[in-house]
Each structure stands twice: as structure tokens, then as C-alpha cells.
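Residue numbers for the first sequence follow the numbering used here, beginning at 73 and rising by one.
Have a look at the structure below, then the notes.
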Amino acid sequence: MAETYDFATIERTWQERWERDGIYRALDTDPRPKYYVLEMLPYPSGDLHVGHAKNYTIGDAVARSMRMLGYNVLHPMGWDAFGLPAENAAIQRGIDPASWTRSNIANMQRQIRLMGTSYDWTREIATCEPEYYRWNQWIFLRLYEKGLAYKREAPVNWCPHDQTVLANEQVIDGRCWRCNNAVERRNLSQWFLKITAYGDRLLSDLDGLDGWPERTQLMQRNWIGRSEGTQFAFAVDGADAKIDVFTTRVDTVYGVTFLAIAPEHPVVATLKGIISAKQSAAIDAFAESLRSKSELERTSLLEKDGFFTGAYAVNPLSHERVPIWVTNYVLAEYGTGAVMGVPAHDERDFDFAKKHALPIAQVIAAPGTEVDAPLEAAFVEDGRLIASGDYSGMSSERARGAIAERLSAMGIGGKTVNFRFRDWLVSRQRYWGTPIPIVYCDACGEVPVPDAQLPILLPADVPITGEGSPLARDAAFINTTCPTCGGAARRESDTMDTFFESSWYYLRYLDPKNDALPWSPERAKRWMNVDQYIGGAEHAVLHLLYSRFFYKFFRDMGWVEGRDEPFERLFHQGMVLYNGEKMSKSRGNVVGIDETAQKNGVDAMRLFLLYVTPPEDTSDWTDEGISGRVRFLNRVWRACEPHLEKAKRISPRELPPTESSDEKALVRAVHVVAKSAIDEVASRRFHFNTTIAKLDELVNAMTGAAQKSPDSPAYLYAVHALPLLLAPYAPHIADELWSRLGHATSVHLERVIEPDDAALAVDEITLVVQVNGKIRARIAAQPGIAEAAAFALAEGDANVQAQLAGKEIRKRIYVPDKLVNIVVG
RNA sequence: GGGGAAGUGGCGGAACGGCAGACGCAGCCGCCUCAAAAGCGGCCGAGGCAACUCGUGUGGGUUCGAGUCCCACCUUCCCUACCA
Numbered sequence: 073m074a075e076t077y078d079f080a081t082i083e084r085t086w087q088e089r090w091e092r093d094g095i096y097r098a099l100d101t102d103p104r105p106k107y108y109v110l111e112m113l114p115y116p117s118g119d120l121h122v123g124h125a126k127n128y129t130i131g132d133a134v135a136r137s138m139r140m141l142g143y144n145v146l147h148p149m150g151w152d153a154f155g156l157p158a159e160n161a162a163i164q165r166g167i168d169p170a171s172w173t174r175s176n177i178a179n180m181q182r183q184i185r186l187m188g189t190s191y192d193w194t195r196e197i198a199t200c201e202p203e204y205y206r207w208n209q210w211i212f213l214r215l216y217e218k219g220l221a222y223k224r225e226a227p228v229n230w231c232p233h234d235q236t237v238l239a240n241e242q243v244i245d246g247r248c249w250r251c252n253n254a255v256e257r258r259n260l261s262q263w264f265l266k267i268t269a270y271g272d273r274l275l276s277d278l279d280g281l282d283g284w285p286e287r288t289q290l291m292q293r294n295w296i297g298r299s300e301g302t303q304f305a306f307a308v309d310g311a312d313a314k315i316d317v318f319t320t321r322v323d324t325v326y327g328v329t330f331l332a333i334a335p336e337h338p339v340v341a342t343l344k345g346i347i348s349a350k351q352s353a354a355i356d357a358f359a360e361s362l363r364s365k366s367e368l369e370r371t372s373l374l375e376k377d378g379f380f381t382g383a384y385a386v387n388p389l390s391h392e393r394v395p396i397w398v399t400n401y402v403l404a405e406y407g408t409g410a411v412m413g414v415p416a417h418d419e420r421d422f423d424f425a426k427k428h429a430l431p432i433a434q435v436i437a438a439p440g441t442e443v444d445a446p447l448e449a450a451f452v453e454d455g456r457l458i459a460s461g462d463y464s465g466m467s468s469e470r471a472r473g474a475i476a477e478r479l480s481a482m483g484i485g486g487k488t489v490n491f492r493f494r495d496w497l498v499s500r501q502r503y504w505g506t507p508i509p510i511v512y513c514d515a516c517g518e519v520p521v522p523d524a525q526l527p528i529l530l531p532a533d534v535p536i537t538g539e540g541s542p543l544a545r546d547a548a549f550i551n552t553t554c555p556t557c558g559g560a561a562r563r564e565s566d567t568m569d570t571f572f573e574s575s576w577y578y579l580r581y582l583d584p585k586n587d588a589l590p591w592s593p594e595r596a597k598r599w600m601n602v603d604q605y606i607g608g609a610e611h612a613v614l615h616l617l618y619s620r621f622f623y624k625f626f627r628d629m630g631w632v633e634g635r636d637e638p639f640e641r642l643f644h645q646g647m648v649l650y651n652g653e654k655m656s657k658s659r660g661n662v663v664g665i666d667e668t669a670q671k672n673g674v675d676a677m678r679l680f681l682l683y684v685t686p687p688e689d690t691s692d693w694t695d696e697g698i699s700g701r702v703r704f705l706n707r708v709w710r711a712c713e714p715h716l717e718k719a720k721r722i723s724p725r726e727l728p729p730t731e732s733s734d735e736k737a738l739v740r741a742v743h744v745v746a747k748s749a750i751d752e753v754a755s756r757r758f759h760f761n762t763t764i765a766k767l768d769e770l771v772n773a774m775t776g777a778a779q780k781s782p783d784s785p786a787y788l789y790a791v792h793a794l795p796l797l798l799a800p801y802a803p804h805i806a807d808e809l810w811s812r813l814g815h816a817t818s819v820h821l822e823r824v825i826e827p828d829d830a831a832l833a834v835d836e837i838t839l840v841v842q843v844n845g846k847i848r849a850r851i852a853a854q855p856g857i858a859e860a861a862a863f864a865l866a867e868g869d870a871n872v873q874a875q876l877a878g879k880e881i882r883k884r885i886y887v888p889d890k891l892v893n894i895v896v897g
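Structure, rendered in C-alpha cells:
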């Protein structure tokens, strides 16, 4: 009787052996072609569930498959260890963020090992360790030197709950991405990274990212939001001031009937000098009514509103005087914060003009129409210019060029490009992050910390209350001496956005112990780019955009070579539900790794996660579903275990002799799996669900054969081949069987079974016979049957003859080894 | 308002433009058993006694042939939302 499959012991044993033997180490000197597969760096939140397991299982199946295909696979793991939850634990439970984080890392590392993943742990990193964040500071200083890191006052997103500023990318529907509270606008002096300087490259290089999901490329495109237009100045009547506007429709410039500016626009201060005190006060009140509102409330005010300043601007081309309005629909941070109001040709301006009874001047006519009646709605299409001075009669397209040239000649503007995205706000008023390496000196001003003084260590034992910036209150940290003059100085108390760390960690894995540089260029040349990146679609903009920006900067600095995109191919895994519901602690429906490993075994868990849906789809964890995979592994065990001794004599590398069609089918089933496994990684489709379905078919065939001819070479061949086929998906049982088959080294160091055409060939095909596209017969035939013979066979069939009777054959379609279609009239 | 993706049995899903529903889950029947569990074998889209007919959200189109390609619509999900 077959010994039962003791997954608990087997899984533990093999995990220990893999660790001991270091079989997943990626050596820098290995001559084989490299393959860098990476899963997004996890945040060490504490406990893993099967949703996390899906991500790592996909990556691990890819890593193991590529290893068995002969690649030198780099598959590292580490921890995105700075961030708010650690501080929240400190606030709520008085735990030191560092110890909280490190104990979470220890637990998650144990759980990730428990999943049987093939990581090279010698390259592990944690971003909260000084050996890592020192290089954050170093990279920040290089950005600073290039003018790509700068501090300025700007209206920024402020989360009142987390007591910190947020990047635009971290504001989701007007709410904080972390705590979901409504975000406010505040004018604060903050550190920014000049990501907009890379706008054009970030946009155009998306074209080359063929291995990225279309959707993600599109989201980045939309987020970057490049638009070409014209920027030019309106003079303020009666004051020495001008107001720059940006427009994509400079062809409508003769239709300007007002100027709309954001309440925060700096020109407001100047205007106050030429308008009455009463109006000034009213503008302030209006601006204040907006400022006190959260971003969420403000953007949900669909009604356009505004306030006439009492001042006028002069249209540089028509010389008309137009009123200047402060409005709620012009964004201070986009373009110039001022818009030329053309109600006839812009929907928003039209709404605004209607509400405030401003004139509507039509200057574009639809081709072939005359203008008579007043517009019912804004006409936003291109057309022919009317009432536009010298430009009347021109097409919109031509006029845009001509007018831009004119403005340029006048020295007041010209063509320009605007991006929708803004510079990346990277400073945070929080404790648990990388200190920004800047010192403020009364004599020397803003002074970058010299490299030799890095790292600026994050002090321990800082009280964390949730009120204000903890570092700002820590005198021992703040007070320092100026690196330039040696006088008393203060340190920057802000820390970096944690996305800073995660924008370059994939390079640190290449050279994790380097204490002279964040990584050596030779290592980068050896391993970059990341061949396959795997992670959630929620990072489609944030992390992936920042990483692309950093990598382009690194490329410009000469620290990396080749293509200036870090991630060659990208795969987003789908999430995991439990019985159709999202897993969450509050619902109490989280399926944990530890309990699953104990109850079902991790091989079963891995198989289920890969099998239940294609990996990019949402999958539903069910107790019945996982039982199915447990059953499968038991079937594998029963099919192999009693026959291992005999199977030792049969090489899995040589096709066995076959005596019956069943035996031939069994050998074929082996090669069907082998082919599917290779196809799924070669195509980067990673639909291992189809490969595992074919494994099921193989094991079903073996179960049948075990009853009839368990001693046949074909059967024993299947027994010996099965561990090689299972290895990427169920690595423990695979190695156990492999070792019991008499092998001294791990199955994971073996090559795949190359699919063999002879083994894949079938003895007989089913020829499908269609008449006018409808199936009328299925006839068994020889593979490779000649066209004429196929039709002879088809037309000899009684059923087919009945369909053909009395009709003329018009056309014969032949699909070799598959189908004939006889078209009759 | 704008953009994108997807609709296949009771369920998850298979299917280079060529036999729709592989494989699994659930269910049903049988064998084994004193019995149950496990295991093993079989059935499992709809209608029809049958030959056969119908069937991949709806309606068109391309094609010898469409779940697959094109157009329109419906539904669902996702992203984005005054970006001048």
C-alpha cells in the first residue's frame, strides 16, 4: 500500500535543504544568460495571506521555469520598510517603529520561506537600515546638485489625519491614499523632485514598452498629460503687470471676453493696488471661502463661480479691454494659473459667461456655414476664423501657427508644452523615513550635507505623538554645525517619501553590500534591466512612474547603461477574494499563510493560486477549490510512490518504447505538459492554469495506466518525468519524488523536458467534415493525410453524400490534419 | 462628461479564425465497504424517443467558416475627471 503523502514533513525538509545548499543563489560570475525576475518590494505590514502568496507564487513559478530553461536567474526579495504604519503603531501602542518593523520583517520572511519560494536571500535588503538609506541621501544629493531636487513654497496636499503633505499621486479622489481622509490645500515650503523635466521622455519612451500592459501605459500617458499650446501675456490695464495665459486654442484669441485667474494667483496682490478696498476685501473673502474647503469639496463644486476684480487686461492682438475675474475653476498649479476666457469656443468658459452675463463672441465658424444666430452652446471644434483681424478666413490649424509666431515676434509669448502632472513632492513631516541631507545655516543658507558625513542617521528614542513632525522637536538631531562655515546650523527635519526608496531598490539587489556606491555600474551592466517585473496594478502610476524617472536620471549620470527603462516587461497579478468577498481583518475572512500551510500544504496552495484563474484575473479562494488541489497531489503521490524503485531504471531524458496506443498517449501527455510549460513562459502569458490542467490530464492518464500496465517503460517514464514537470509549481513534492528516484541533487537544478515532436505526434486525427460550414461528419484519418485523400474520404461519407446530393460543389477548403469544408450551391 | 477592459454551462475557467465547454469545483449514478469517509469508474449546456436542431450579452457585417476580427447597442468592472 502506498505510503501517504506527508506534506508537512516533506515541505519543511526541502525548505531546509534548499536553504542549506544555497541552490537559489544567483552568482555574478555565472556564464549563462541572465534573467532578472522581480516581485514588487513588499511593505512589512506583519502577516501574509493567500493574496500575497499569489504574487510571490507567480514570480516563483517564472523564476523556477527560467532556471530550468538554463538561465542564471536573479530572484531577490527585500522590504520597503519605512512608512506610516510603523509610526501609527508607535502612536497607538507605544512601540518603537524600528522594532515593530524588524519583528514584522522577521515574521514575513519566515512566511515567504514557508511558501517554498526560490529567493536569493543573500541579497536581501531593508530600506530602513542605514546601509540602505544612506544611498537614498546620496542619490538625493546628486539630484540636488543637478537642480532636480529643490525646495519651494507651493499649494500642496495636506492630510490632516496623517499630519503630513502628500504627492499628487497619493491623493485618490481627493482623499489620502493611506487613511482615506479628505485632503486639504496648504501653502507650505516643501522639497520637490523635478520629474516634469523628464516629462517628454517619460511619455515617449512608453512607446517602447511593448512588454507592459496597454492599460498601464495608457494610465501613465494620461497622468503625464502632455499638451501642446501657446503661452502669452496680457497686460494689466493701469498697472505695471502682466498675466500669462496658456491655451491650446490660440486661434480663438479674438474671442476672449474675460480673463479668469486662480484665487492663489500672485497677480492678485498687484491688482489690489488699482482696485477699491471694498473689492479687495471681497476678493479675499472669495479666495478664503475656497481655501478653507478641502480639495474634495472644492472639486465637487460643479457650479462655476467667480468674482470680478474690477481690473482689466488688454488683449495683445485685438487690443480689447477685458475684465479680470477670480474664479473657482482655474487651477493655480496648472499652466500659468490664468486662462483666457473664450465662451464661444470652450464649454467651461461658456457656462461661466452665461452665469455672469459676460459677452460671447464667436470667432470660429464651422466649415461651410455662416454665422447668424447666437450660440446655444460652445462650438469647440476647429473651423474657419471670423472676426479675427488679419487672421479671418484662416483655418484653425493654420491660425494657431500664425498667431503663435506673431506673439513670438512681439516678444510676449510663443509655443510651449504643458504637462498635467506636477513635480514630485518628496518631503514628509514624519519620523519613520530617510532624513533629507540638508542643513540650514544663517550665514550660508541651504547647505547640502557632504557625502563623507552620510548617513544622516535617524535618531532613536524620539517621542512620536502624531502631532507635528517628531524630528523637528528633537533638539539633538536638529542642532548641528554648518558643513561650510562650521557655525551653528539646523538640520532639515523632513524625511523622504517612501517611494524614494522603492524607486531604485532593484539596483541595490545587484550589489547589496557595496559601501562605496549604491551599486557598481559593472553590476548594473551585468544584470539590468529587470526582465520581468510582477506586482499590483495599483502601482500603475505611482511607483512605476517614479522608478522610470529615477532610472532615466541614473542613465544620464552614467550609472546604468543601455535602455533607460528599468522594467522590460511588467505583469499585474489579480487579487484574491475569499468566497467572493475581499479579504480583510475587519471582516474576519483572511486566509492566512500559516493556517493554509498547515492544513493543505503550500504545494497545494501554490497550485490552487496558479490554477483557479489566469494569474492576471481576480481569483476566488474557496475551501472546495483548495481541496481539489490537495486531492491532485495525493493522486500524484499514489501514481508515483509505489513505482519509484522501478522507475529509477528509466531515464526521463529518453523516449521510452511504447506498445499500445494508451502507452503512446501517456508519453504524449508528458510532452503536452512540457510544451505548455515552455509556451507559457516564452509567450510571457504565464497562464499556468492551462499547464496545470494538462498536468491533471497526465496524472489522470497515469492513474488509469497504473491499473493496467504499471511496469511498462511508458508508465515508468511518466513517473520519472513528473517531478520535472511539477517542479516550478509544486516544488516540494517534486524534489521529494526526484530524490526518491535516486537523484543526489535537487530537481530544481535540472533542465526542463524538451517537448519532442515525435512524442507529440498522434497516430490518428479526427477529420472534421463541414458542408457549407456546418459539421456533417467526423472521420478518423491518418495524420498528414493528403488533400485529395481527405476529400475522397469526406465525400465518401454517407451523411456527407446526403448533404451533397443534387448540388454543385463550388469550393473545397482544406485545413491539414483538421478539417475540410465543402461549399455547395 | 472622457478613456479603457470584459461578457462562454450551476460555478472558476479552456479553445493558432477551424470539433465550443479541456481541466477543476459543485451535483448525480455505480463499484468498494457492515456502514461511512477516502479511493476508483461513469454521467453532467438546452430541446427531442430519435436522426437532428438550437447554443459563447443583443443586432448587424467580414469570411468557405466567427466565442475569436470589424461596426453599433446593452450590461458590468476599472481608470480619469473643470488640465484651459
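Note that beta-carbon positions come from the ideal geometry of N, C-alpha and C, so glycine has one too.
All values derive from a computational prediction rather than experimental measurement.
Whole-angstrom distance between residue j and residue i, CA atom to CA atom
i    : j    : result
W263 : R257 : 16 Å
R620 : R273 : 10 Å
A773 : Q292 : 48 Å
L204 : D495 : Sequence inspection shows Tyr at residue 204; the Leu mentioned does not correspond to that position. Their Cα atoms are separated by approximately 25 Å.
L832 : A802 : 24 Å
N160 : L113 : 21 Å
W295 : P431 : 34 Å
D533 : V228 : 30 Å
H644 : V394 : 52 Å
N560 : T553 : The amino acid at residue 560 is misidentified as Asn; the sequence shows Ala. Cα to Cα, A560 sits roughly 5 Å from T553.
V662 : V122 : 8 Å
L278 : S137 : 28 Å
W504 : L798 : 43 Å
A74  : E713 : Any reading at A74 must be qualified, since the residue scores a pLDDT of 46, below 50, and its modelled position is unreliable; no value is offered.
Proximity of residue i and residue j at Cβ, strictly below 9 Å
i    : j    : result
G310 : I333 : no
I82  : E111 : no
V521 : P509 : yes
Q351 : G538 : no
A410 : V328 : no
A153 : I177 : yes
A305 : D312 : no
V843 : A790 : no
E653 : D603 : no
W693 : V702 : no
P555 : V613 : no
T324 : V414 : yes
T199 : Y577 : yes
A547 : Q501 : no
G856 : P888 : yes
R757 : G283 : no
Boundaries of the alpha helix (DSSP H) in which residue i is found, first to last residue
i    : result
W172 : P169 to L186
F925 : Absent from the model: residue 925. The displayed extent of the chain is 73 to 897, so no value can be given.
S137 : V122 to M140
I163 : L156 to R165
Closer than 8 Å: residue i CB and nearest the ligand NAD heavy atom
i    : result
T288 : You won't find the ligand NAD in this model; it holds no ligand whatsoever.
Terminal residues of the beta strand (DSSP E) in which residue i lies
i    : result
T553 : N551 to T553
V896 : L891 to V896
So, do the region 870-883 and the region 820-829 have three or more beta carbon pairs nearer to each other than 8 Å? no
Could you tell me whether the region 860-877 touches the region 833-851, using the rule of 3 or more Cβ pairs below 8 Å? yes
List in chain order: all unbroken alpha helix (DSSP H) runs of 4+ residues lying wholly within the region 217-279. For secondary structure counted as the alpha helix (DSSP H) over 4 or more consecutive residues, the region 217-279 holds these complete runs in sequence order: 271-276.
Taking 8 Å as the cut-off, does the region 512-521 touch the region 480-487 (at least 3 CB pairs, one atom from each stretch)? Contact fails: fewer than three Cβ-Cβ distances are below 8 Å.
Of all the alpha helix (DSSP H) runs that stay within the bounds of the region 336-406, which reach a length of 4 or more residues? Taking 4 residues as the shortest admissible run, the region 336-406 contains the following complete alpha helix (DSSP H) segments, listed from N- to C-terminal end: 339-343, 349-363 and 367-372.
Take every Cβ of the region 669-686, pair it with every Cβ of the region 727-742, and state whether three or more of those distances are shorter than 8 Å. no
Report yes or no: do three or more beta-carbon pairs, one from the region 101-109 and one from the region 138-147, lie closer than 8 Å? yes
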